[in-house]
Amino acid sequence: MLDAGLPRPPRAGAIKSWLTLAAVAALIGLALRQTNFNLPALFTGAYDFFRFFGRMAPDLTALPQIWGPLLQTIQIAYVATVIGSLIAVPLIFLASANTAVNPVTMWVARTLLTVLRSIPDLLWAAIFVAVLGLGALPGVVALTFFSVGVLAKLGSETVEAVDPGPLEALRAVGAGRNRTIVFAVIPQIAATMVSYILYVFEINVRASVVIGFVGAGGIGVLLQTYMGFFDYPGLGTLIVVVFVVVLAIDGFSVWARSRLI
Amino acid sequence: MSRISFENVEVVYKTGLKALKGVTLEIPEGQFVVVVGLSGAGKSTLIRTVNSLVVPSSGRVVVGDVDVTRARGAALRAARSDIGMIFQTFNLVKRSSVIRNVLAGRLGDLPAWRGVASAFPRADRAYAHDCLERVGIPEKAYVRADALSGGQQQRVGIARALAQRPSVMLADEPVASLDPPTSHAVMRDLKRIAREDGITTVVNLHFIDMAREYADRIVGMRDGLVVFDGTPAEASDDAFEEIYGRPIDDKDLRGA
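Chain order of the listed sequences is A and B.
Here the first sequence is numbered in the working numbering, starting from 180 and rising by one per residue.
Here the second sequence is numbered in the working numbering, starting from 2 and rising by one per residue.
And the structure:
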């Protein structure tokens, strides 16, 4: 017993650790059963997996069909990001403790943002396809809502972390709330916010591929068509093109963000 | 030019801390007052009641003919625009240019839309450059504020306050972040400008030698109360030991 002379750790800590471990294990067991998780099936499925990929050898004749919806996908993401950013701006300042108008409007803004964020992008798309019909418009509206939720949250955290000194100085000058925001807050958050906006654009490009599945326009609609008609070569082409484009946009965004801060 | 009257001012913070326990003080027009005391004595709180950054729990502060303590909204902003303030950590917007920081001093006197649109009248832009000239750094106008040295940043702070055309100037530990030679240069600027423009000035300091050198009048605070009020000649070492409640030593001196 090498550690015989050492003080023993409190027993309660050890019991807590074991209980936590047991709870995690129990939940995994339950979840595996509920999801019909089957390890052998994964291995027998591997054969089909590779056969499937073999049939997806890209067929370049599908390319002309792809460009239009692909461009629409990027445009959906772009419009949603720009409009979402504009809507987020006033909400950011209403929801931040150091720039809020009063506690009531701050609470209202925060609650609104919590509700916005709690609805995933695909659900937004389904809602607006139901309301507005099929097409790119519900996609734009859905991703706009999603962007507002994300940007306002990130923005409000940034605003609450700014150096309070300049705000106090501007209050002492006799400047009102809006003037204080323009002169003391925006210069402090501008670079970070542009970085966040680029990041949300990245997310929106990926999301706008998916929301096509529920009929909200863009390349997702084509993706679903290819799958429906078992057009594997077309599907393969589309996947490769989307992969390259998303990679390119992410690369650009990462590069642009690295230059900002 | 405005006189400042503190009438039985008390401040109790939300934490229950009694920062001021009834301060009555009359500062005549154009006087250069230095408030001394240990940190926690209530100096910062006292100075902030003048522009209502801290609102007294009871009593009131009157600047000129304005009861600052009762002023709200537009009236309070108008009162504040007449009171310049400089800070220990300068409180500049570091990512903005020097001239934009100085122009911020004009915001209180402009219509809100002009401020938000940064549409400063030509006369205001010219005046902002004049203010930089007066603090000796006219060539720094288009440099980013964070590219300046500490002493230069504090001069920008003074220029921003000057841009308000204030009749009262408040300075909260303006030299605590600066080295001794720069401290003296900044205090000389502050004093010279106060004289030239007849600005009533209240400066918080904790350095004994600087208080004696620059003050017209020294007010000593301890534990939320004024415990000394006299001329620099009257502020002997004994008087300072009484204010600080302990023997004074070299750390209480800024040096030359």
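From the three backbone atoms N, C-alpha and C, an ideal C-beta is built for every residue, glycine too.
Would you say V12/B and L21/B are within 8 Å of each other, going by their C-beta atoms?
yes
Suppose you measure from the CA of L163/B to the CA of F121/B; what does that come to, to the nearest Å?
16 Å
Can you find a CB in chain E that lies within less than 8 Å of the CB of L93/B?
No chain E appears in this structure, whose protein chains are A and B.
Listing by chain order, which chain B residues have their CB less than 8 Å from the CB of E347/A?
L54, F88, N92
How would you list, in chain order, the residues of chain A whose beta-carbon sits under 7 Å from the beta-carbon of R218/B?
Those within 7 Å of R218/B in chain A number zero; the least Cβ separation is about 23 Å.
Nearest-angstrom Cα distance between S275/A and A195/B?
38 Å
Take S432/A and list the residues in its own chain whose beta-carbon comes closer than 6 Å to its own, dropping the five residues that flank it on each side.
L377, E381
Given this structure, state the Cα-to-Cα distance separating A42/B from A75/B, to the nearest angstrom.
32 Å
Taking Cβ positions, are L417/A and L439/A nearer each other than 8 Å?
no
8 Å is my cut-off, CB to CB: does R81/B come that close to chain A?
yes
Give a yes or no on whether the C-beta atoms belonging to V361/A and V341/A are separated by under 8 Å.
no
In chain A, which residues lie with their C-beta within 8 Å of the C-beta of V117/B?
N357, R358, V361
For G60/B, which residues from the same chain have a beta carbon less than 6 Å from its beta carbon, with the 5 sequence-adjacent residues on both sides left out?
E8, N9, V10, E11
Just to confirm, is the Cβ distance from N277/A to L185/A under 8 Å?
no
Could you list the residues in the region 369-403 of chain A with a C-beta less than 9 Å from some C-beta on chain B, going in chain order?
A369, A370
By the criterion of Cβ-Cβ separation under 9 Å, what are the contact partners of S178/B in chain A?
Ordered by position in chain A, no residue passes the 9 Å Cβ test against S178/B, which lies about 12 Å from the chain.
Chain A contacts from the region 188-199 of chain B (Cβ-Cβ distance under 7 Å)
none
Who does V227/B pair with in a DSSP beta bridge?
M222/B
Mind checking T260/A: buried by the 16 CB within 10 Å criterion, or exposed?
buried
Count the other CB atoms within 10 Å of the CB of F408/A; is the residue buried (16 or more) or exposed (fewer)?
exposed
Start and end residues, beta strand (DSSP E) containing I5/B
5-13
Interface partners of G353/A on chain B, CB under 9 Å
N52, L77, R78, A79, A80, R81, S82, D83, I84, L108, G109, D110, Q165
Pick out the complete alpha helix (DSSP H) segments inside the region 187-273 of chain A, 4 residues or longer, and give them in chain order.
190-213, 218-234
Residues sharing a beta bridge with N383/A, DSSP:
Note: N383/A sits in no beta bridge, so no partner.
Among K332/A, I428/A, G415/A, G391/A, which has the Cα closest to the Cα of R234/A?
G415/A
Can you tell me the Cα-Cα spacing of V137/B and E30/B, whole angstroms?
With the sequence shown as reference, residue 137/B is identified as Gly, and Val is not the correct amino acid for it. Answer to the nearest angstrom: the Cα atoms are 26 Å apart.
Starting from F105/B, find everything on chain A with Cβ-Cβ shorter than 8 Å and list it in chain order.
The identity of residue 105/B in the sequence shown is Ala, whereas the question assumes Phe. What A105/B touches in chain A: A348, L349, V352, A354, F362, A363.
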